[in-house]
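Numbering (this note's numbering), first residue to last: 190 to 400.
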C-alpha cells in the first residue's frame, strides 16, 4: 500500500508554484464572497507556504500528504460556498407572481405591510408585488395564468397606465433580484410597489384588455 501511495504522489505532485496557482484560481472565482476570500485566502496561503517549505526535499509521501491537505482545504471552501450561496427558487427566467391564486390582493398587501413593520423589506417587496399582480387579475387588467412574472406584469400594465410604466419596470427588476436572493430590498422598494398597487386600484386604465 505504501508503494501505491508513492506512485500516486509522484503522478499528482505539482511543483509548489503550480499548486499555489491552482489554489489562488479556485479562490478567485466570482461566487466566493469578498470578505471570506480575503481572510481565508491569506490563511490558506500561509498554510501552503509552511507545507511546501517542509515538503521540498522531503520524502514523496510527505509531499503527497501536503498536497492532499491542500486539496482537502479547497474542498472545504467549496462546500462552505455552496452553503452560503443564495438559493434560487427558479433556474431561469423571472420569478412567478401568482404562486397561490386563492390569496386575495388585500391579504398579500397585509402581509407586505406586516413584513415592513417587522423590518423584513425583502418579504415586504415580494408580497407587495404579489398584491399588485393579484389585484390586476381581479380588476380584469391581466388574464390569470400560471407562471406570470414581474416583467410580464410590468410589460402588460405599462400601456394601460403609461405614467406607471417606468416605475413598474424598475420594480420588476428589483423584485427578481430580491426573489432570487441576489440583493436585499430597502423598505422604500416595498413602499413604492405598495404605491403602485394603490394607483392601479384607484386608476382607470388607458386601454381595454383584449382577451
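Every residue, glycine too, gets a C-beta built ideally from N, C-alpha and C.
Fair warning: this is a prediction, and the values are worked out from it, not measured in the lab.
Segment limits, alpha helix (DSSP H) that includes residue i
{"i": "residue 333", "result": "Element bounds for residue 333: n/a, residue is neither H nor E."}
{"i": "residue 364", "result": "354–368"}
{"i": "residue 376", "result": "376–391"}
Local conformation of residue i per DSSP, three classes
{"i": "residue 309", "result": "coil"}
{"i": "residue 344", "result": "helix"}
{"i": "residue 323", "result": "helix"}
{"i": "residue 318", "result": "helix"}
{"i": "residue 394", "result": "coil"}
{"i": "residue 298", "result": "helix"}
For residue i, the nearest candidate out of the options (CA to CA)
{"i": "residue 322", "options": "294, 351, 364", "result": "294"}
{"i": "residue 355", "options": "302, 235, 381", "result": "381"}
{"i": "residue 362", "options": "305, 335, 318", "result": "318"}
{"i": "residue 299", "options": "353, 389, 343, 383", "result": "383"}
{"i": "residue 357", "options": "365, 342, 366, 367", "result": "342"}
{"i": "residue 324", "options": "344, 296, 312, 235", "result": "296"}
{"i": "residue 367", "options": "320, 314, 349", "result": "314"}
{"i": "residue 350", "options": "395, 378, 320", "result": "395"}
{"i": "residue 338", "options": "371, 360, 352", "result": "360"}
{"i": "residue 304", "options": "376, 346, 387", "result": "376"}
{"i": "residue 352", "options": "388, 320, 336", "result": "388"}
Alpha carbon of residue i to alpha carbon of residue j, nearest angstrom
{"i": "residue 329", "j": "residue 385", "result": "16 Å"}
{"i": "residue 390", "j": "residue 292", "result": "17 Å"}
{"i": "residue 310", "j": "residue 393", "result": "29 Å"}
{"i": "residue 271", "j": "residue 374", "result": "Annotation note: pLDDT 42 at residue 271 (below 50); position unreliable, coordinate value reported separately. Looking at the two C-alpha atoms, the distance is approximately 23 Å."}
{"i": "residue 365", "j": "residue 331", "result": "19 Å"}
{"i": "residue 340", "j": "residue 235", "result": "48 Å"}
{"i": "residue 326", "j": "residue 301", "result": "18 Å"}
{"i": "residue 334", "j": "residue 307", "result": "31 Å"}
{"i": "residue 316", "j": "residue 378", "result": "12 Å"}
{"i": "residue 312", "j": "residue 345", "result": "24 Å"}
{"i": "residue 320", "j": "residue 372", "result": "21 Å"}
{"i": "residue 336", "j": "residue 369", "result": "15 Å"}
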